[in-house]
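Structure, as structure tokens:
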Ligand code: UDP
Ligand code: MG
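In the UniProt record's numbering, the protein residues as written are 1 to 325.
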């Protein structure tokens with residue numbers, strides 16, 4: 001029998017939080033009105049996380065897990081979980097208990113009222129650094145303004161998805177997966193619940209600055225063509241400035257006896273300015289071309305080294321579906 005609910009938790013070096021996460025989530029699992037599978041996705045952890053996942057699976061058959069063959073990143077780990085989740089209702093949450101599992105029953109109530117997507121919106125981030133809060137604040141607003149779809153501000157991946165939505169997400173072929181954006185893109189009835197984001201239960205942040213930055217660029221580039229237009233605007237601006245300079249130089253040459261143009265200062269300034277404009281434009285182009293390259297290669301999104309708890313036949317169909325993609 002397939003479970004009614006799947007809870008997906010991506011895990012990357014979370015040995016300090018796993019047991020506590022399981023304890024808190026299992027309390028919620030016991031309260032649910034149907035069967036639940038807790039699907040843990042090991043994203044190439046290098047600590048004892050996988051061992052602990054195996055142990056939990058032995059102890060509690062509701063715990064199933066996937067293990068990716070290396071660290072593919074949070075978004076891909078969640079994607080793998082979505083591919084394998086069997087529930088009618090799927091909930092995605094972080095391992096570090098920053099997304100309180102106790103909110104799930106409330107999310108389910110909204111699902112019963114007819115919403116297929118319930119996402120959690122953070123009203124406050126408790127004890128996250130000033131830098132992170134500021135950059136996150138600025139990024140979400142920039143994205144909202146630039147993106148083609150309406151991506152709500154301050155929402156992470158903590159959400160509830162109906163099976164219909166999960167099927168649509170699974171059918172999306174793109175390799176650069178910005179799940180929050182895809183989730184907005186699909187449509188359906190969506191609603192938010194608001195919550196205060198707790199501090200991380202234990203351990204260090206696994207989203208390093210580099211990973212967060214890559215995620216941000218990915219979000220912008222995947223959901224907006226405005227940056228491409230930016231190079232056009234910059235180009236136009238440079239053209240205007242150079243036209244003005246030409247006229248100015250011509251004027252000095254023709255009408256002033258002692259031209260103020262001396263040395264190569266002004267030439268250097270123009271060269272630097274144009275060089276900068278060109279490099280920025282090429283960089284922006286490169287972001288998009290890089291993405292096209294990723295898509296064209298058609299590599300699988302991830303490789304699995306271990307799968308446990310799903311029955312054989314189900315595993316086979318999931319694997320075949322991915323190969324056929
Ligand atoms: N995570 C992952 N792969 C990574 C980085 C993070 O699966 O490469 C998981 C991590 O274990 C956690 C979640 O993604 O469950 C969120 O990570 P973290 O709490 O470090 O980031 P935050 O969103 O709080 O900044
Ligand atoms: Mg966290």
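For each residue, glycine too, the CB sits at the ideal point set by N, CA and C. Every value quoted in this text rests on a predicted model; they were computed, and no experiment measured them.
Report the residue from the options whose alpha carbon sits nearest the alpha carbon of residue i.
i           : options            : result
residue 129 : 197, 146, 143, 285 : 197
residue 50  : 215, 10, 180, 27   : 10
residue 304 : 4, 30, 79, 25      : 79
residue 42  : 74, 59, 25         : 74
residue 278 : 239, 146, 70       : 239
residue 270 : 247, 284, 242      : 242
residue 108 : 209, 122, 90, 153  : 90
residue 15  : 3, 8, 44           : 44
residue 187 : 39, 155, 309, 117  : 117
residue 301 : 34, 288, 172, 145  : 172
residue 226 : 308, 281, 46       : 281
residue 48  : 178, 84, 3, 18     : 18
residue 83  : 253, 40, 200, 1    : 40
residue 194 : 102, 230, 244, 181 : 102
residue 25  : 168, 110, 167, 7   : 7
residue 81  : 54, 38, 236        : 38
residue 33  : 112, 245, 154, 307 : 112
residue 181 : 221, 209, 199      : 221
Is the distance from the Cβ of residue i to the Cβ of residue j below 8 Å?
i           : j           : result
residue 151 : residue 143 : yes
residue 87  : residue 5   : yes
residue 224 : residue 148 : yes
residue 119 : residue 31  : no
residue 228 : residue 284 : yes
residue 309 : residue 64  : yes
residue 216 : residue 139 : yes
residue 218 : residue 170 : no
residue 174 : residue 295 : yes
Name the DSSP bridge partner or partners of residue i?
i           : result
residue 289 : Paired residues: none, contrary to the question.
residue 82  : DSSP output for residue 82 lists no bridge partner at all.
residue 10  : 41
residue 157 : Answer is none; residue 157 lacks a bridge partner.
residue 256 : The partner list for residue 256 (beta bridge, DSSP) is empty, contrary to what the question assumes.
residue 162 : 89
residue 112 : None; residue 112 has no bridge partner.
Would a check of beta-carbon distances place residue i closer than 8 Å to chain B?
i           : result
residue 101 : No chain B is present in this structure, which holds just one protein chain.
Validate contact between the region 193–213 and the region 163–172 using beta carbons, cut 8 Å, 3 pairs:
Cβ pair count under 8 Å is below three, so no.
Indicate whether the contact test is met: 3 or more Cβ pairs, each with one atom in the region 93–101 and one in the region 53–68, closer than 8 Å.
No, the region 93–101 is not in contact with the region 53–68.
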